[in-house]
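Undergrad: Sending over a structure as structure tokens; questions will come in a sec.
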């Protein structure tokens, strides 16, 4: 417990950063106090333009728990810089007191206790309330609502409707434009089908037809808000064709295409843009590097890495904003534009505390309508957890430990591999594990749980390859998600080393013996990007396991030893 | 009983070698020294300068079998001063020579694009010879990854 004096000092500091940025005003709601909707929406208007940003919702219609990472390492130049700060360091950097709503929303320690105090976050009906409130206060003509992508995937209803549920939600929220990544895992035809009929813009300057290098989607769009011309350039995840199954969109090529972004920004200015915004799904470190190399972008709304930051990061003249994930936050950025230039800004990361924010009745009805046909599956209780189940973090999460254990047992494997996805909700001890919750951690279009053999050397190469996708010191060489999760296998990793030198001390946990590079091991895994993968969907494998064990209790996972951080 | 039932199911649905299939066997590749030797064979001990060459390759190949490459060399392309040839090498491919282009002033512009196969993560080296006798070179790393685990 912190003393009242400490608390007030911390809040005063938080109040200071609010002038330019920050969650500040919420700091006033101490641990025991109630947070109100007014606390969350309170904002000192600036200028004539308001940009609202939401991203990486991963199809979460309802409020949920989502524990932020306790391990989020930066390497090379970004080591120890935001967003690569967690817990105490994070709170210190942003002047947030422990135990406050801000601490609960943004850091991971003491999560279970704080989750019980402050409740679930997110929910599309609450998001709708916040958006309507800002539009009412500012006037529709001043507000631009942008969605960073990873919106159509991550739940049972989104999988069953091929993203239609979220398209209906986006339409109801009246989003103006979106970026993309997991959207592509519904396949090229489905994406085109939605894009052709959607009332919002699907912007992706960096997707080209493989053969002729022609743009596949609209690259940018000009909006007029509050008398200012705002050019929004869209950027899909540059590594989509590497991180996800390329066979689902075989004729498309991605990449960062930095020169093309530069051209887009120049063209936008030539067309009279007062403000240039990059609606990006690059990931934070890539966007920061991009901002240092491409001039003329006023605002980057970043995504992909799920970072939530209560303040902006400035890189040269560019403002970078990171709005979290799963509907936990809605960002508001007010811009003052004078003589075709951004002359001032004010920012707030609005935390979506579901107990504090009223439910928008239209959206509530839409969500109920979307879920109704699937309610029987969604509400099915598979087991109860006595442990905190979460995923997000660079190495292992307990939800992944559960999935890895289920694969080892149900697929009779020696070693299991689970992809380092960043999406999927958190369950607190005592929660029922419903099919809904399981689907939130597994629902995707290539779920087959394969079973095959790999040599010890192949396993090491896989770990090295994935580690390089996260810990390459140049962000432009980084790939998809977090480190692949392992079951039945322990290893050491030195994140400061180059590829092929990071992984060592591979151990088969069951025997306690060093992994034999030449021996073949039986491996189960899911989320393979290869085509025609055989095996049951992963949710079936986990459901069978849960039906058998009834109660989940996990020991802390100490099988991955990290150095060089 | 549960375990036995599950076991039968594995046999029915035994997965293909999904991950293993995408790990390329280690081929006997060239080395950076081999490429340096090739360049020396072409130009002897002539001074190699940096600049003039714009090399576009992806940082991460989306498909190692067809990696796009675009090379452009700055030059007036007049009879007195033009780009004579451009050589592209992949340092760790089994055969490091990727392609060689010859230009004449009539080309107007010394630019070329193609696709190449890469055996793994490696540096691409481009050497350009000018009609004036000057030699320029540049390099860029292309990562060829197993992929997966997409955020």
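Protein chains in written order, with the numbering used here: chain V, 1 to 565; chain Y, 1 to 151.
Ideal Cβ placement from N, Cα and C applies to all residues, glycine included.
Remember, it's a predicted structure, so these values are computed and weren't measured experimentally.
Between the C-alpha atoms of residue 492 of chain V and residue 544 of chain V, what's the straight-line distance to the nearest angstrom?
TA: Your numbering for residue 492 of chain V matches position 492 in the first chain. Your numbering for residue 544 of chain V matches position 544 in the first chain. Spanning the two alpha carbons is a distance of roughly 32 Å.
Undergrad: Please determine, among Y:43, Y:79 and Y:102, the residue with the shortest C-alpha to C-alpha distance to residue 71 of chain Y.
TA: Indexing the second chain from 1 puts residue 71 of chain Y at position 71. Per the Cα distances, Y:102.
Undergrad: Report the neighbours of residue 93 of chain Y on chain V: residues whose CB is nearer than 7 Å to its CB, in chain order.
TA: Position 93 of the second chain holds residue 93 of chain Y. Residues of chain V passing the Cβ test: none, with the nearest at roughly 18 Å.
Undergrad: Return the residue from the list V:129, V:550 and V:528 that minimises the CA-CA distance to residue 185 of chain V.
TA: Here residue 185 of chain V is taken as the residue at index 185 of the first chain, counted from 1. Selected option, being the one with the closest Cα: V:528.
Undergrad: Given that residue 143 of chain Y touches chain V, what residues does it touch there, using C-beta distances under 7 Å?
TA: Working through the second chain from its first residue, we reach residue 143 of chain Y at position 143. Residues of chain V passing the Cβ test: 477.
Undergrad: Tell me whether the region 209-229 of chain V and the region 151-159 of chain V touch, counting them as touching only if at least three CB pairs, one residue from each stretch, are closer than 8 Å.
TA: Contact fails: fewer than three Cβ-Cβ distances are below 8 Å.
Undergrad: Contact defined as beta carbons within less than 8 Å: I believe residue 55 of chain V pairs with residue 147 of chain V. What is the distance between those atoms, to the nearest angstrom?
TA: Taking the first residue of the first chain as position 1, residue 55 of chain V is located at position 55. Taking the first residue of the first chain as position 1, residue 147 of chain V is located at position 147. Residue 55 of chain V to residue 147 of chain V, Cβ: 7 Å. Contact.
Undergrad: Taking the alpha carbon of residue 36 of chain Y as the point to measure from, which residue in Y:144, Y:145, Y:137 and Y:143 has its own alpha carbon closest?
TA: One-based indexing of the second chain puts residue 36 of chain Y at position 36. Out of Y:144, Y:145, Y:137 and Y:143, Y:137 has the C-alpha closest to the C-alpha of residue 36 of chain Y.
Undergrad: Give the interface partners of residue 327 of chain V over in chain Y, defined as CB-CB distance under 8 Å, in chain order.
TA: As a working mapping, residue 327 of chain V is identified with position 327 in the first chain. Near residue 327 of chain V there are no residues of chain Y at all, since even the closest Cβ is about 17 Å away, more than 8 Å.
Undergrad: On the three-state DSSP scale, how would you describe residue 136 of chain Y?
TA: By 1-based counting over the second chain, the position of residue 136 of chain Y is 136. If DSSP states are grouped into helix, strand and coil, residue 136 of chain Y belongs with the strands.
Undergrad: Could you tell me whether the Cβ of residue 58 of chain Y comes closer than 7 Å to any Cβ of chain V?
TA: As a first step, residue 58 of chain Y is located in the second chain; it is residue number 58 there, counting from the start. It does; some Cβ of chain V falls within 7 Å.
Undergrad: To which residues of the same chain is residue 21 of chain Y closer than 7 Å at the C-beta, ignoring the five residues directly before and after it?
TA: Here residue 21 of chain Y refers to the residue found at position 21 when the second chain is read from its first residue. Because residue 21 of chain Y sits at a pLDDT of 35, beneath the cut-off of 50, its placement in the model cannot be relied upon, and the point is left open.
Undergrad: So what does DSSP say about residue 212 of chain V, is it helix, strand or coil?
TA: Numbered from its first residue, the first chain carries residue 212 of chain V at position 212. Residue 212 of chain V: coil per DSSP, three-state reduction.
Undergrad: Is any beta-carbon of chain Y found at less than 7 Å from that of residue 377 of chain V?
TA: For the purposes of this step, residue 377 of chain V is identified with residue 377 of the first chain, where counting begins at 1. By this cut-off, residue 377 of chain V is not an interface position.
Undergrad: So which residues on chain V does residue 74 of chain Y lean against when the C-beta distance must stay under 8 Å?
TA: Position 74 of the second chain, counting from 1, holds the residue named residue 74 of chain Y. Going along chain V, no residue has its Cβ under 8 Å from residue 74 of chain Y, so there is no contact; the nearest lies around 16 Å.
Undergrad: When DSSP labels each residue in this structure, what does residue 97 of chain Y get in the three-state scheme?
TA: The sequence position of residue 97 of chain Y within the second chain is 97, counting from 1. It is a strand residue.
Undergrad: Mind the definition here: the region 190-202 of chain V touches the region 87-97 of chain V only if three or more C-beta pairs lie below 8 Å; say whether that holds.
TA: Taking 8 Å as the limit for Cβ pairs, the verdict is that the region 87-97 of chain V does not touch the region 190-202 of chain V.
Undergrad: Do the region 71-79 of chain V and the region 457-475 of chain V touch if we need at least three Cβ pairs shorter than 8 Å?
TA: Yes, they touch.
Undergrad: Does any residue of chain Y bring its CB to less than 7 Å from the CB of residue 255 of chain V?
TA: Here the question's residue 255 of chain V lines up with position 255 in the first chain. Judged by the 7 Å Cβ criterion, residue 255 of chain V is in contact with chain Y.
Undergrad: Closer than 6 Å by C-beta to residue 269 of chain V: which residues in its own chain qualify, once you throw out the five before and the five after it? Chain order, please.
TA: Along the first chain, read from residue 1 onward, the residue named residue 269 of chain V stands at position 269. So no residue of the chain qualifies.
Undergrad: Specify whether the region 121-136 of chain Y and the region 34-51 of chain Y touch according to this definition: at least 3 beta carbon pairs, one from each stretch, less than 8 Å apart.
TA: Taking 8 Å as the limit for Cβ pairs, the verdict is that the region 34-51 of chain Y does touch the region 121-136 of chain Y.
Undergrad: Distance, Cα to Cα, residue 88 of chain V vs residue 125 of chain Y?
TA: Along the first chain, one-based indexing puts residue 88 of chain V at 88. Along the second chain, one-based indexing puts residue 125 of chain Y at 125. For residue 88 of chain V and residue 125 of chain Y, the distance between alpha carbons rounds to 46 Å.
Undergrad: Counting contacts by CB-CB distance shorter than 7 Å, is residue 191 of chain V in contact with chain A?
TA: The chain inventory of the structure shown lacks chain A, comprising the protein chains V and Y.
Undergrad: Measure the C-alpha to C-alpha separation of residue 381 of chain V and residue 62 of chain V and round it to an integer number of angstroms.
TA: For the purposes of this step, residue 381 of chain V is identified with residue 381 of the first chain, where counting begins at 1. For the purposes of this step, residue 62 of chain V is identified with residue 62 of the first chain, where counting begins at 1. Each residue's alpha carbon lies about 17 Å from the other.
Undergrad: Do residue 564 of chain V and residue 481 of chain V have their CB atoms nearer than 7 Å?
TA: Here residue 564 of chain V refers to the residue found at position 564 of the first chain. Here residue 481 of chain V refers to the residue found at position 481 of the first chain. Against a cut-off of 7 Å, the Cβ pair of residue 481 of chain V and residue 564 of chain V comes out as no contact.
Undergrad: Does any residue of chain V have a CB that is nearer than 7 Å to the CB of residue 62 of chain Y?
TA: Here residue 62 of chain Y is taken as the residue at index 62 of the second chain, counted from 1. Yes, its Cβ sits closer than 7 Å to a Cβ of chain V.
Undergrad: So, is residue 95 of chain Y buried or exposed, given that buried needs 16 or more other C-beta atoms within 10 angstroms?
TA: For this step, residue 95 of chain Y is matched to residue 95 along the second chain. So residue 95 of chain Y ends up on the exposed side.
Undergrad: For the structure I just gave you, are there three or more beta carbon pairs, one from the region 392-405 of chain V and one from the region 368-379 of chain V, closer than 8 Å?
TA: Contact between the region 392-405 of chain V and the region 368-379 of chain V is absent, because fewer than three Cβ pairs lie under 8 Å.
Undergrad: Beta-carbon within less than 6 Å of residue 553 of chain V's beta-carbon, same chain only, minus the 5 sequence neighbours each way: which residues are those?
TA: Along the first chain, read from residue 1 onward, the residue named residue 553 of chain V stands at position 553. Excluding sequence neighbours, residue 553 of chain V sits near 386 and 387.
Undergrad: According to the neighbour-count rule (16 or more other Cβ atoms, all chains shown, within 10 Å of its Cβ), is residue 225 of chain V buried or exposed?
TA: Along the first chain, one-based indexing puts residue 225 of chain V at 225. It counts as buried.
Undergrad: What are the uninterrupted segments assigned as beta strand (DSSP E) that are 3 or more residues long and contained completely in the region 323-347 of chain V, given in chain order?
TA: With a minimum length of 3 residues, the continuous beta strand (DSSP E) runs that stay inside the region 323-347 of chain V are 329-338.
Undergrad: Three Cβ pairs or more, each shorter than 8 Å: is that satisfied between the region 312-330 of chain V and the region 275-295 of chain V?
TA: Yes: at least three Cβ pairs fall under 8 Å.
Undergrad: Which residues, in chain order, does the region 239-253 of chain V contribute to contact with chain Y at a C-beta distance below 8 Å?
TA: Cβ contacts with chain Y come from 239, 240, 241, 242, 243, 244, 246 and 253.
Undergrad: Do we get a CB-CB distance below 7 Å when we pair residue 260 of chain V with the residues of chain Y?
TA: Taking the first chain and counting its residues from 1, one reaches residue 260 of chain V at position 260. Chain Y contact via Cβ: absent.
Undergrad: For chain Y, check one thing: does any of its Cβ atoms lie closer than 7 Å to the Cβ of residue 22 of chain V?
TA: Looking up residue 22 of chain V in the first chain gives position 22. Residue confidence is low: residue 22 of chain V scores 38 on pLDDT, short of 50, so the model does not pin down where it sits. Its coordinate-derived value is still stated next. No, residue 22 of chain V lies away from the interface with chain Y (no Cβ there is under 7 Å from its Cβ).
Undergrad: Taking just the CA atoms, how far does residue 143 of chain Y sit from residue 426 of chain V?
TA: Here residue 426 of chain V refers to the residue found at position 426 when the first chain is read from its first residue. Here residue 143 of chain Y refers to the residue found at position 143 when the second chain is read from its first residue. About 34 Å.
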